[in-house]
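Okay, structure first, notes after.
Protein chains: 2
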Amino acid sequence: MKIAIVGAGAMGSRYGYMLHKAGNKVTLIDAWKQHVDIINKEGLTVEENGALSKVKIPAMLPEDAKEVPDLIILFTKSMGLEPMLKSIKNILGKNTRVLCLLNGLGHNETIAKYVDRKNILMGVTLWTAGLAGPGHVVLTGDGSLEVQNNDPSMKVEAKEICSILSQAGLNAHYSEDVLFSIWRKACVNGTLNSSCTILDCNIKEFGELKEAPQLIRNIIKEFAEVAAKYGVKLNVEEVAEGIEKIYDPSQAGAHYPSMHQDLIQNHRLTEIDYINGYVSRKGKEFNINTPYNDLITDIVHAKEQLIIK
Amino acid sequence: MKIAIVGAGAMGSRYGYMLHKAGNKVTLIDAWKQHVDIINKEGLTVEENGALSKVKIPAMLPEDAKEVPDLIILFTKSMGLEPMLKSIKNILGKNTRVLCLLNGLGHNETIAKYVDRKNILMGVTLWTAGLAGPGHVVLTGDGSLEVQNNDPSMKVEAKEICSILSQAGLNAHYSEDVLFSIWRKACVNGTLNSSCTILDCNIKEFGELKEAPQLIRNIIKEFAEVAAKYGVKLNVEEVAEGIEKIYDPSQAGAHYPSMHQDLIQNHRLTEIDYINGYVSRKGKEFNINTPYNDLITDIVHAKEQLIIK
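Here the protein sequences come in this chain order: A and B.
Counting along the first sequence from 1, when you hit position 229 you're at 229 in UniProt numbering, and nothing is skipped either side.
Counting along the second sequence from 1, when you hit position 75 you're at 75 in UniProt numbering, and nothing is skipped either side.
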């Protein structure tokens, strides 16, 4: 299958590498020129269990992409999605399926401005990956993903794509309710990412705070009220207990969430507008009070202004 | 007049020094032994416009205070108030007036557990002072204070105390509504102190944030709803505009609020429970929703746990 990975950072490179290895015709598309250049010159460096290999996969800048693929997998940062879709509109063919694996909420609405609804697939990935530098991806651990078609008529096509992904070892499952999974994952990010960023702590430290149990429930409650407007039923207590399992250092406890890495460690803008900020914005639209998410969003934006000068 | 300054830190030392110079019989009472010892050995060092002087004023630990004064001026930290009142109960005479000049809310309720209501006076001070070290107070700028009796029958006595304070240059005014002034000052602390602590910034930096106007109004609105239960009418817009004047660096803009100094700079517990935390607590009692103050209180307590180990 002709597959374009659009947004070929850590996760995009992992997916691209695995799909390439399984025999698909993969192209990596990314706006980071140095990354693209190194991949084309030296190959993608793949680091797995300490072993390094160089893999030849074509890479290009978005504006250089010309060939229409069968499948596009989106892996940009949330705020990069819309500019990226504009840049690659030449390769959005009539039958090109577009699978969105970004973190956060509301991306289907953005994609629907550029892609026919019948071609849109939404997913949630539980794989992890890191970037050690331009052209150098580090693979750790196992994972899986869930995929579902946006348009009810496209179930067979969605299952075919799951099968292509699984043949590459990506462990893809067809989901009957991917929106539920997307919201549940957003609850994890909307509690741990933003709190660890505001408090400058890791997940384990956050979990040990006296205030943590009430804090995450107050946040999730507002997520659940907004999610209900989309037909997604989140059980606050169930979601909270799922999050509390992650505090364990043998899980992700020692980890600083990506938002902390972005803002506190690397002084970059965060994805807050696609997590707590989305709940806050949609709350206003639906006339649902979301004071906790309003304030969290404001505090993170305030920190962005103070830290990124 | 026999006056005991109870809590003789920066502000207490300033008041003690000025009242002593005006001919009152002042005693400084404080739980910080090193501070007390140096004052007794070398005198209180007063630094004013760069000039140093040593002033002999008796100082003692709370448990050593025996002589019942005519007036006690309370200047402890909020969380130190109740333990201090317990320690000095021997000097709380039948006719000893007790003037509370602490920052924060709810102190009159605490004092009323130890002092006959007719002896309680509440006040708000706009003086500033710093401590350069034990026994060393630094005086800067001018100030004033407002005072009012808790018990309506004690107006004459309250005015007499204002006059004693003004004779010492402290510029005291009798207030017909000191509770209003206390709440208005609490709004300043409840917006700037807590926000600058959470965001690790000074007042000027906070004032420049896009989020600042809405943030302070959301906080003040909840203060106003709770204050109304005490018969205090706060105009949210008026209070907010008053706070916005302080952003000017020629005012307090370059200043880090006391809560920032306590927690971020000196790794000490904050007075949050007597500011935003009071509004949050009383909100629950009165069935008023105070999500912004709930979350701010939680975040500051969480930071205390992370920073003070």
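Where a beta carbon is used, it is the ideal one built from N, C-alpha and C, also for glycine.
Using a C-beta cut-off of 8 Å, the stretch 292-305 of chain A makes contact with the stretch 275-282 of chain A, since at least three inter-stretch Cβ pairs fall below that distance.
Around the beta carbon of PHE286 of chain A, fewer than 16 other beta carbons sit within 10 angstroms, so the residue counts as exposed. C-alpha of ILE88 of chain A to C-alpha of ALA59 of chain A: approximately 14 Å in a straight line. Annotation for VAL36 of chain B: the continuous alpha helix (DSSP H) segment containing it runs 33-42. Excluding residues up to 5 positions away in sequence, PHE286 lie with their Cβ nearer than 6 Å to the Cβ of LYS229 of chain B in the same chain. Across the set B:GLY23, B:ILE307, B:ASP151, the C-alpha of B:ASP151 shows the shortest separation from the C-alpha of GLU176 of chain B. At a cut-off of 7 Å between C-beta atoms, CYS201 of chain A counts as an interface residue with respect to chain B. Around the beta carbon of ILE198 of chain A, 16 or more other beta carbons sit within 10 angstroms, so the residue counts as buried. CYS100 of chain B carries a strand assignment under DSSP once its states are collapsed to helix, strand and coil. Check the Cα spacing between SER194 of chain B and each of B:LYS155, B:ASP262, B:TYR174, B:LEU139: the tightest is with B:ASP262. Among the residues facing chain A, LEU215 of chain B is included, as its CB has a counterpart in that chain under 7 Å away.
Against chain A, a Cβ distance below 8 Å from ILE198 of chain B picks out ILE198, ILE299. Close to LYS233 of chain A, with beta-carbon spacing below 8 Å, lies no residue of chain B; the smallest spacing is near 23 Å. If only complete runs of 4 or more residues are kept, the UniProt domain "Ketopantoate reductase N-terminal" (3-150) of chain A shows the alpha helix (DSSP H) at 10-21, 33-42, 81-87, 107-111, in order along the chain. For the 7 Å CB-CB criterion, ILE5 of chain A and GLY135 of chain A do not form a contact. THR27 of chain A is classed as buried because its beta carbon has at least 16 other beta carbons within 10 Å across all chains shown.
CA-CA distance, LYS86 of chain A to LEU99 of chain A, rounds to 16 Å. The three-state reading of DSSP puts ALA240 of chain A in helix, counting H, G and I together. Contact annotation: CYS187 of chain B and ILE220 of chain B have beta-carbon atoms nearer than 7 Å. Our two residues, MET154 of chain B and CYS162 of chain B, have alpha carbons roughly 13 Å apart in a direct line. Among the CB atoms of chain A, one or more fall inside 7 Å of the CB of GLU211 of chain B. Annotation: the continuous beta strand (DSSP E) that includes TYR174 of chain B extends over 172-174. Excluding the 5 residues flanking it on each side, MET11 of chain B has same chain C-beta neighbours closer than 6 Å at PHE75, ALA129, in chain order. GLN305 of chain A: member of the alpha helix (DSSP H) spanning 291-307, first to last residue.
For GLN251 of chain B, no alpha helix (DSSP H) encloses it, and the DSSP letter there is neither H nor E. With its beta carbon at least 7 Å from every one in chain B, PRO257 of chain A lies outside the interface. Contacts between TYR292 of chain B and chain A, judged by CB atoms closer than 7 Å, involve PRO291, LEU295 in chain order. Under the Cβ criterion of 7 Å, LEU306 of chain B is counted among the residues facing chain A. Contact between ASN171 of chain B and SER144 of chain B holds: their C-beta atoms lie close to 4 Å from each other, under 8 Å. CYS196 of chain A sits in a helix when the DSSP states are folded into three classes. Collapsing the DSSP output to three states places HIS255 of chain B in coil. Looking at B:LYS94, B:ALA168, B:SER250, B:VAL46, the one whose alpha-carbon comes closest to that of HIS20 of chain B is B:ALA168. Close to GLU244 of chain A, with beta-carbon spacing below 7 Å, lies no residue of chain B; the smallest spacing is near 16 Å. Contacts with chain A at 7 Å (Cβ-Cβ) include ALA302 of chain B. Only residues of its own chain outside the window of five on either side were considered, and among them GLY143, SER144, LEU145 have a CB closer than 7 Å to the CB of LEU126 of chain B, listed in chain order.
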